[in-house]
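Quick notes on the structure that follows.
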Amino acid sequence: MTDTIAVVLALAVEILVALAFFARYARKSLIMSPSVDPPETVDLLLWFTRHGFTTYYPGGANRPNVIVLSRINGAFIDVAHVRGADRAEAARIPNDDKADIWHPRFVVWHFYGGSVESLTALRNLATPDARDASGLLYEPPREDQYGFPHPLIVTRAERKEMTVRPPIQHII
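45 is the number of the first residue of the sequence shown in the numbering used here; add one for each residue after it.
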């Protein structure tokens, strides 16, 4: 019974943090795109926490600058940076001594777009051992036409205050 209560409380906290994050960026996102659908993003964020991803809230859980997801996946690390409904990045980076989830230098896969599209692409990404999983390293694109911080970079200033939530299965 207490295990169930712990899982329900963890889910409630994740939902509240995600909703607060999207409320903070809703006005900016509405200017960029008329169709904003945070409920889908919240569902996807919960899916990731249930499937082994650690969630980081740079800026703190109450006022995050970005939501960062990461999970070690064999020789790779799957990473997502969600900055708002219309701005998210996902990538698969090599799991080596130079691995940096905050500012990946090289990736084997990268997707930049809206939060729903980016998180869906990462969720549906083939496992690294699958035949179609690329192992060729390249630098992710760094240009941003809207004046936002460059994709796949969470600055040190943004990481001054940090809340970390382990995957849900590890909370119990």
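Backbone N, C-alpha and C define an ideal beta-carbon position, used for all residues, glycine too.
When Cβ pairs closer than 8 Å are counted between the two stretches, the stretch 155-172 is seen not to touch the stretch 197-204, the count staying below three. Only buried fits residue 130, as 16 or more other CB atoms lie within 10 angstroms of its CB.
When the Cα atoms are used, residue 159 and residue 197 turn out to be separated by approximately 16 Å. Distance from the CA atom of residue 182 to the CA atom of residue 83, rounded to whole angstroms, is 33 Å.
By the Cβ-count criterion, residue 180 is exposed, with fewer than 16 other Cβ atoms from all chains shown falling within 10 Å of its own Cβ. Cβ-Cβ distances below 6 Å link residue 127 to 110 in the same chain, with the five nearest sequence neighbours on each side left out; the list follows chain order. Inside the stretch 132-183, DSSP marks whole beta strand (DSSP E) runs of 3 or more residues at positions 153-157, from first to last along the chain.
Rounded to whole angstroms, residue 88 and residue 149 show a C-alpha spacing of 26 Å. Here residue 120 is bridged, per DSSP, to 117, 138. Distance from the CA atom of residue 172 to the CA atom of residue 103, rounded to whole angstroms, is 31 Å.
Excluding residues up to 5 positions away in sequence, 136, 139, 171, 172 lie with their Cβ nearer than 8 Å to the Cβ of residue 117 in the same chain. Scanning its chain for C-beta atoms nearer than 6 Å, with the 5 sequence neighbours on each side dropped, one finds around residue 155 the residues 134, 162, 165, in chain order. As DSSP reads the structure, residue 125 sits in a beta bridge with 112, 133.
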